[in-house]
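Engineer:
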């Protein structure tokens, strides 16, 4: 299991970091490696969704890195400006809440991301409806 640190970014800082990740190809590399990736986590979709819903949602991104600074995971969220509720980026348009992570960092990233987000929001735990977990292997 890979060690992962998490950073929580909000608003313009989140968008700037996502733009840099997309520009460098790191985000796309993560999607290619992730077993959970769908079109709803692609930079074009996510950045477009954040832009078109900017009046109602603030971007919230949890970014995970390994000790060697490899991008280990992304949790793409949005906070409803009026109610303060957290939803996945894409909210009603995307099918489900997931995280994207390198296969060797999935479980570590999810746990680390949830802790980091709770601390950043000043809450004891994250209640987002669906706890993102890597898919189970089917028998």
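Residue numbers (the working numbering): 113 to 251.
Think of the CB as a built atom: it goes at the ideal place given N, C-alpha and C, for glycine as much as any other residue.
Measuring alpha carbon to alpha carbon, tell me which of 125, 238, 202 and 120 ends up nearest residue 157.
Structural biologist: Mapped onto the chain shown, residue 157 falls at position 45. If we check each option's Cα against that of residue 157, 202 comes out closest.
Engineer: Which residue from 159, 126 and 219 puts its Cα closest to that of residue 114?
Structural biologist: Sequence index remark: in the chain shown, residue 114 carries index 2 (1-based). Cα-wise, what sits closest to residue 114 is 219.
Engineer: For residue 229, which beta-bridge partners are listed by DSSP?
Structural biologist: By one-based count along the chain shown, residue 229 stands at place 117. Note: residue 229 sits in no beta bridge, so no partner.
Engineer: Can you give the Cα-Cα distance for residue 191 and residue 237, rounded to whole angstroms?
Structural biologist: Your numbering for residue 191 matches position 79 in the chain shown. Your numbering for residue 237 matches position 125 in the chain shown. Between residue 191 and residue 237, the C-alpha separation is close to 16 Å.
Engineer: I need the straight-line Cα distance from residue 227 to residue 121, nearest angstrom please.
Structural biologist: By 1-based counting over the chain shown, the position of residue 227 is 115. By 1-based counting over the chain shown, the position of residue 121 is 9. Those two C-alpha atoms are separated by around 14 Å.
Engineer: Please decide whether residue 238 counts as near chain C, where near means a Cβ-Cβ distance under 9 Å.
Structural biologist: Of the protein chains in the structure, only one exists, and it is not chain C.
Engineer: Is residue 171 helix, strand or coil by DSSP?
Structural biologist: Working through the chain shown from its first residue, we reach residue 171 at position 59. Strand.
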